[in-house]
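Chain order of the listed sequences is A and B. Using numbering that gives the first Met the number 0, you'd call the opening residue of the first sequence number 0 and step up by one each time. Using numbering that gives the first Met the number 0, you'd call the opening residue of the second sequence number 0 and step up by one each time. C-beta atoms are modelled at their ideal positions from N, C-alpha and C, and glycine is treated no differently. Data first, discussion second: the structure below is written as structure tokens.
There are 2 protein chains.
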Amino acid sequence: MEGRGHVAVRRDVRRSLTAAALDLFLAQGFDETTVDQIAEAAGVARRTFFRHFRVKEDAIFPDHDAMLREIVAHLDSASPLVPPLTAVTEAALMVVDTYAADPETSVKRYEVTRRVPSLREHEIAATSRYQRAFAAFLNERDGLGTPEGLDERDGAAGQRRLRHEVIAAAVVTTHNHVLRAWLRGGGTGDVRAHLSEALSGILAGLEPWLDDRARPGDDEDDVLVVVTRRGTPLWRIAQEIEAAR
Amino acid sequence: MEGRGHVAVRRDVRRSLTAAALDLFLAQGFDETTVDQIAEAAGVARRTFFRHFRVKEDAIFPDHDAMLREIVAHLDSASPLVPPLTAVTEAALMVVDTYAADPETSVKRYEVTRRVPSLREHEIAATSRYQRAFAAFLNERDGLGTPEGLDERDGAAGQRRLRHEVIAAAVVTTHNHVLRAWLRGGGTGDVRAHLSEALSGILAGLEPWLDDRARPGDDEDDVLVVVTRRGTPLWRIAQEIEAAR
DNA sequence: TCTCGGGTGGCACTCGGTGTCTTATAGTGA
DNA sequence: TCACTATAAGACACCGAGTGCCACCCGAGA
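This is the structure:
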């Protein structure tokens, strides 16, 4: 057991710092809370804070670095038999699971993050790294190496890369959407199930999109008949008419 | 003429600060460059730098705040006759146009941004604001108000919102993809055309998916039939339809 | 000439973040 | 039980980003 005690203590320090930071941020705001106060509340020295967190913002977030490494490891070790979108879905579920593991903290964190621009940016940056990892994985699975040969501007490979990036963005967007809804709801209910359902809905719709298809044509006549429902937005009717003539 | 001289000078100061910052960042790195050095190179006081830019990172970016305001204004003032995805496409083209307006600076900025995490995060945060604006616009166009009635978890409206967010993410992702390729290529060629083409490719595939299903109030059989002649101006048809419901 | 207002310079101050040295503590081998 | 070592933590000094405040300059009127 390689230093079990050490690690345990380290974890405790980190957790008490996180708890102290979260409470202080909630009570008196992010900018109004100094690192000194957090350290004091956690009973450690100021310098120790920065041994556990790179920047002040990191204090209240889950360990995105570690999570990202896990995600990448999961994707890299995924069997070539499992469809790429399934692997990515599993990865997204892994992420949401860490939030679900401690709903109360997650909700508190959400409350703070919602109000502090600096924290929002930090979170956005974190999720964008997941998105990057997903896109890279999809490219790899499609036989497109990461190097991205400097000038494939309009090539078919570029098109596929773009679509993979869009898929990755869709997955991350869906994850964030479901997660935010869960957090707004106070962290009650099965996020994992919700995300699983939402993702399969989105990806099932997107999968056929990977194969192009054309639009249906219409008969032509001198008179144009448009049948639509009341409540249909004008622009849609306009579009239909434009397409028909 | 409300202080023309003042504004002109102010613009000049800002531009010279940007130029100085970009050159210094390229020459000796972002972290290794102090605001003092930038200010000195631009021939102004350190304090003046922070009158033009909120943070050091802002110095080399285009004015995203102003651009975002323009985008929102464009979307808000878009005719109800133009399809939402077209309006969003136009907005994305507006953004890429500002980069295309000064390719050399854009490429330099890209070189720096690529290497400095702090700058990357800043840029990601900026683009995410565009994404937000796009999604909000699509929701509005679909009759979904911004308030987001606290618990629509699984409702059809929630599904619509999610899809709009995915579309917005797809647009921004495509924008970034095309822009990055252009920047990597040294800023040569017609980005606007590339983006326009890429977006129409992506959105043409995504549009049927967006309209697919999960449409609230879909089973109303309140049908509207419009009969008209080909060549009738759209606005007249629109008028007729509006009057009929 | 006086005044008013916006842009600027100068200055002091707080605080986030880092480098570095020292200290405490837990595990290891004799 | 006693050093020995590695790792975490404390103490301290330092840099630089960002802010508040006051004084200054200068063009536009009254």
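Per DSSP, residue 43/A is not a residue of any alpha helix (DSSP H), being assigned neither H nor E. Per the coordinates, the alpha-carbon of residue 171/A lies some 16 Å from the alpha-carbon of residue 182/A. Membership of residue 206/A in any alpha helix (DSSP H) is not indicated, and neither H nor E is assigned to it by DSSP. Put simply, of 209/B, 127/B and 61/B the residue whose alpha carbon is nearest the alpha carbon of residue 155/B is 209/B. With 16 or more neighbouring CB atoms inside 10 Å of its own CB, residue 57/B falls in the buried class. No Cβ of chain A is located within less than 8 Å of the beta carbon of residue 178/B.
Selection 20/B, 140/B and 27/B evaluated against residue 34/B yields 20/B as nearest (Cα-Cα). At the C-beta level, residue 121/A and residue 60/A come within 8 Å of one another. If you check the CB distance, residue 198/A and residue 227/A do not come in under 8 Å.
Shortest Cα-Cα distance from residue 112/A to any of 22/A, 133/A, 231/A and 95/A involves 22/A. For residue 91/A, no Cβ of chain B is located within less than 8 Å of the residue's own Cβ. Secondary structure of residue 227/B (DSSP, three-state): strand. Using beta-carbon distances, residue 187/A does not count as an interface residue toward chain B, since no partner is under 8 Å.
Residue nearest to residue 160/B within the set 133/B, 54/B, 185/B and 177/B is 133/B (criterion: CA-CA distance). Judged by DSSP secondary structure, residue 157/A falls within the alpha helix (DSSP H) whose first and last residues are 155–183. For the pair residue 225/A and residue 80/B, the Cα-to-Cα distance works out to about 16 Å. Residue 84/A is not a Cβ neighbour of residue 164/A, given a cutoff of 8 Å.
Residue 76/B carries a coil assignment under DSSP once its states are collapsed to helix, strand and coil.
Take the alpha-carbon of residue 50/A and the one of residue 36/A: they are about 16 Å apart. Close partners of residue 143/A in chain B (Cβ separation under 8 Å) are lacking, with about 13 Å as the shortest Cβ gap. Membership of residue 113/A in the alpha helix (DSSP H) is indicated by the continuous run 102–114.
Counting C-beta atoms within 10 angstroms of its own C-beta, residue 88/A has 16 or more neighbours from the protein chains shown and is therefore classed as buried. Listed along chain B, the residues sitting closer than 7 Å to residue 127/A by beta-carbon distance are 123.
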